[in-house]
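This report refers to the structure that appears directly beneath it.
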């Protein structure tokens with residue numbers, strides 16, 4: 348997460364925020380409730396860091412909310428319908 352934040356800021360991103368989910372509370376991966384929390388915080392783009400490739404429902408919810416989604420993950424099962432994987 349820290350590397351992604353630094354990289355985005357070095358590339359000129361001005362309004363970068365992050366959310367580290369609690370696996371016990373939030374479950375594993377990008378879930379629909381997490382997507383809603385991200386949207387409620389005012390985001391336009393949701394970028395996962397080393398997760399999300401199997402989070403079809405979470406990605407679908409994010410897209411339905413109007414978020415652009417970029418998934419970064421080292422796993423390669425079926426890819427969600429993200430703008431970029």
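Residue numbers (this note's numbering): 348 to 432. We put the CB at the ideal spot given by N, CA and C, even for glycine.
- Judged by beta-carbon spacing, residue 382 lies within the 8 Å limit of residue 412, meaning their Cβ atoms are closer than that value.
- Contact between the region 370 to 384 and the region 349 to 361 is absent: fewer than three C-beta pairs spanning the two stretches fall below 8 Å.
- Considering only 421, 409 and 369, the residue with the shortest C-alpha distance to residue 428 is 409.
- Residue 412 has no beta-bridge partner at all, per DSSP.
- Residues 365, 367 and 396 of the same chain have their beta carbon placed closer than 8 Å to that of residue 348, with the five preceding and five following residues left out of the count.
- In its chain, beyond the 5 residues on either side, 398, 399, 401, 402 and 405 have a beta carbon closer than 7 Å to the beta carbon of residue 376.
- Residue pairing of residue 394 in beta bridges, as defined by DSSP: 417.
- Closest in alpha carbon position to residue 414, among 359, 360, 374 and 391, is 391.
- Ranking 394, 423, 369 and 430 by CA distance to the CA of residue 350 puts 394 first.
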